[in-house]
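First the structure, in the form of structure tokens, and then the observations on it.
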Amino acid sequence: MSSHTPRARHARDIQAPPSSAESTAQAWPPMLRNALVLLSAIILVISAVGWWTLGRTTDNLGSGGDFGLGSEKDGATDILLVGSDSRTDAQGNPLTPEEIELLRAGDEEATNTDTIIVIRVPADGSSATAISIPRDTYVHTNRLGNTKINGVYGNTKQMVEEELAGSGASPDEIERRSTEAGRRALIETISDLSGITVDHYAEVGLLGFVLLTDAIGGVDVCLNEAVYDEFSGADFPAGSQTLMGADALSFVRQRHGLPRGDLDRITRQQVFMASFTNKLLGAGTLSNPAKLSELGNAVQRSVVLDDNWDVTGFATQMQGLSGGNVKFETIPVTSIDGVGDYGESVVTIDKGQVHQYFETLLGTKEEEAPTKEEDDKKADPNAAETTVSVYNATGIEGLASGVSGFLTEKGYTQGEVGNAEFAGVASSQINAADPEDPAAQAISEALGGVPIVHDPYLDPHHISVTIAGDYDGPGLTSEGMDTDSGESAEPAPDVEDGSNGDIIGQEGGEIPQEDRPAIDAAGVTCVN
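Going by the numbering used here, 447 is the number at position 417 of the sequence shown; the sequence numbering is gapless.
Written out as structure tokens, the structure is:
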């Protein structure tokens with residue numbers, strides 16, 4: 031399957047939530063009770079937007095960008111859920127000093143994604159599987175080389191910011207484009223690692239975790255032994271206890287002093303999510319107007335979604351979901367104390383094994399045969415009315431000319447052809463004023479499914495195509511991406527099996543064994 035990866039900052043005070051009288055006047059529909067379960071469990075409460083739209087609009091949610099993600103042709107939905115340590119809220123506003131102190135996260139600005147989860151919801155919405163990816167998983171990307179997966183978003187964002195610094199773009203434009211590039215890079219990396227097509231993207235910051243936990247009155251957890259960790263602030267006795275926002279954040283962030291390090295932290299995150307769901311479905315939460323209003327305000331302040339997500343439709347898909355049918359898993363790893371290129375401690379994985387794991391656990395999404403209407407889209411009868419500029423964002427000569435020539439043969443009017451001024455995207459993309467424009471859709475089909483990105487600065491009859499290193503569609507002069515000089519670039523090797531050739535970095539020692547209990551959203555599980 032193919033892989034498809036703000037505003038001016040000023041000081042602001044914590045705002046009091048608006049009155050709940052109007053937004054909770056209507057009774058909670060039974061369908062939306064179940065719709066709230068899954069994504070609430072992962073501390074995003076995205077499906078809470080389903081009831082939120084009864085009295086408000088999703089326009090107030092943070093926009094993650096238009097990434098041209100998967101089309102869900104078989105009805106199943108794959109969601110990339112990201113927990114970011116950004117010091118801004120979903121609207122791009124910086125957190126206040128009081129909020130940062132509450133988070134116990136320090137003042138250092140960062141955009142690491144320390145929680146990365148892929149969720150598969152089948153077409154009937156009757157179950158869901160949440161698969162965690164360790165933050166230190168060592169991966170390879172075309173832009174960054176070998177790197178920890180939690181730094182893909184932030185490092186790509188920083189690189190694009192630097193590339194755009196001298197371009198004349200406004201600070202707001204630089205922030206928007208660099209942030210979208212970071213998110214797209216992470217989406218592409220997850221697709222490459224897992225072998226699945228990401229259909230939707232959701233992101234929540236540290237503040238959101240605290241607000242959502244507090245909104246339901248805290249979450250019940252259980253520890254096998256007492257813990258103290260000065261790095262995360264975790265200081266908890268053994269046994270069962272209820273944690274509120276800031277303490278809950280320390281609970282899910284601790285990894286130092288745990289037998290299996292990041293893997294134990296992931297287990298903590300998973301049992302916390304499961305307990306969150308259990309608490310949410312308990313008596314009093316969904317029937318309490320004040321709590322519902324607080325949840326809704328937390329979502330608005332905290333959650334970023336991709337632009338093309340029909341959340342109400344997703345809520346309908348999930349109407350049959352129950353807490354016991356939400357399962358939590360972790361990708362297979364080969365070591366938790368591996369060594370990266372610069373001596374850093376990393377988690378190593380075998381990509382072939384990870385691909386097989388996803389195929390076995392989730393199954394392969396069957397693509398429907400294209401309809402006649404879809405086939406007709408491939409031929410654009412009004413091609414001559416659209417001017418297409420093609421830019422080469424790779425180091426390989428001749429790609430822009432080859433792709434432009436291919437599109438010209440299709441009847442499109444040739445625009446600018448040349449090298450991109452900056453590598454502002456992590457993968458190939460088509461920019462259009464309207465992503466639903468039939469011309470943009472036809473060009474995407476013709477180029478092998480290159481994603482379309484909304485660009486309000488383009489003329490409606492002008493489309494821009496940027497070719498990155500991942501491009502393998504029409505316009506290449508030979509199998510090895512020939513350059514104008516006749517030399518060819520070596521393509522990256524395909525991953526077909528679980529051989530050691532798929533492991534990046536130096537493996538560490540044997541992973542400590544753990545009798546890991548099954549985790550679902552039916553109750554509280556004791557953990558390290």
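We treat Cβ as the ideally placed atom computed from N, Cα and C, and that holds for glycine.
For V151, the uninterrupted beta strand (DSSP E) segment begins and ends at 143-151. D292 carries a helical assignment under DSSP once its states are collapsed to helix, strand and coil.
For V169, the CB contacts under 7 Å within the same chain, skipping 5 residues up- and downstream, are T177, I179, T219, L223, I534 in chain order. Separation of S262 and A276 (C-alpha to C-alpha, rounded to the nearest whole angstrom) is 10 Å. With respect to the C-alpha of L429, the residue from F302, V377, G505 having the closest C-alpha is G505. Taking a C-beta distance under 7 Å as the contact criterion, V480 and V447 do not qualify as a contact pair. With respect to the 7 Å criterion, Y231 and D336 are classified as neighbours on the basis of their beta carbons. Per DSSP, I541 has no beta bridge partner at all. In terms of Cβ geometry, D532 and D380 form a close pair [threshold 7 Å]. In this structure, N185 keeps its C-beta atom at 7 Å or more from the C-beta atom of L194. At the C-beta level, G503 and G478 come within 7 Å of one another. Counting C-beta pairs with one atom in each stretch, the segment 250-258 and the segment 315-335 have fewer than three that are closer than 8 Å, which means they do not touch. If you compare the alpha carbons of A450, N422, S494 with that of Y442, the shortest gap goes to S494. Rounded to the nearest angstrom, the Cβ distance from H492 to G445 is 7 Å, consistent with a contact under 8 Å.
For Q188, the closest alpha carbon among the candidates Q300, D144, N123, R207 is that of R207. V554 places its beta carbon less than 7 Å from that of S305.
Beta bridge pairing from DSSP links F388 with no other residue. By the neighbour-count criterion, in which a residue is buried when 16 or more other Cβ atoms sit within 10 angstroms of its Cβ, D340 is exposed. The segment 367-383 makes contact with the segment 150-170, as at least three CB pairs between them are under 8 Å. Per DSSP, N422 is one residue of the beta strand (DSSP E) stretching across 417-422. Boundaries of the beta strand (DSSP E) around L253: 249-253. If the five residues before and after P486 are omitted, its C-beta is found closer than 8 Å to the C-beta atoms of A463, all from its own chain and listed in chain order. For L279, the enclosing alpha helix (DSSP H) begins and ends at 275-283.
In this structure, the beta-carbon distance from L241 to S156 does not fall below 7 Å. With a cutoff of 7 Å on beta-carbon distance, A120 and V334 are scored as near each other. According to the DSSP assignment, F436 belongs to the alpha helix (DSSP H) that extends over 429-439. DSSP places Q471 in the helix class (H, G or I) of the three-state scheme. Residues of the same chain with a CB within less than 8 Å of the CB of I549, apart from the 5 flanking positions on each side, are T297, Q300, V301, A304, K357, F358, T555 in chain order.
Per DSSP, the unbroken beta strand (DSSP E) holding S494 starts and ends at 492-497. Of G238, F344, E129, A278, the smallest CA-CA separation from C252 is found for A278.
In the structure shown, G122 falls within a coil segment according to DSSP collapsed to helix, strand and coil. Closest by C-alpha distance to V234, out of F388, R214, S114, is S114. Residue burial is scored here from C-beta neighbours: Y501 has at least 16 other C-beta atoms within 10 angstroms and is therefore classed as buried. Taking the Cα positions, L273 is about 19 Å away from I130. By the C-beta density criterion, G373 is exposed, having fewer than 16 other C-beta atoms within 10 angstroms. I217 sits in a helix when the DSSP states are folded into three classes.
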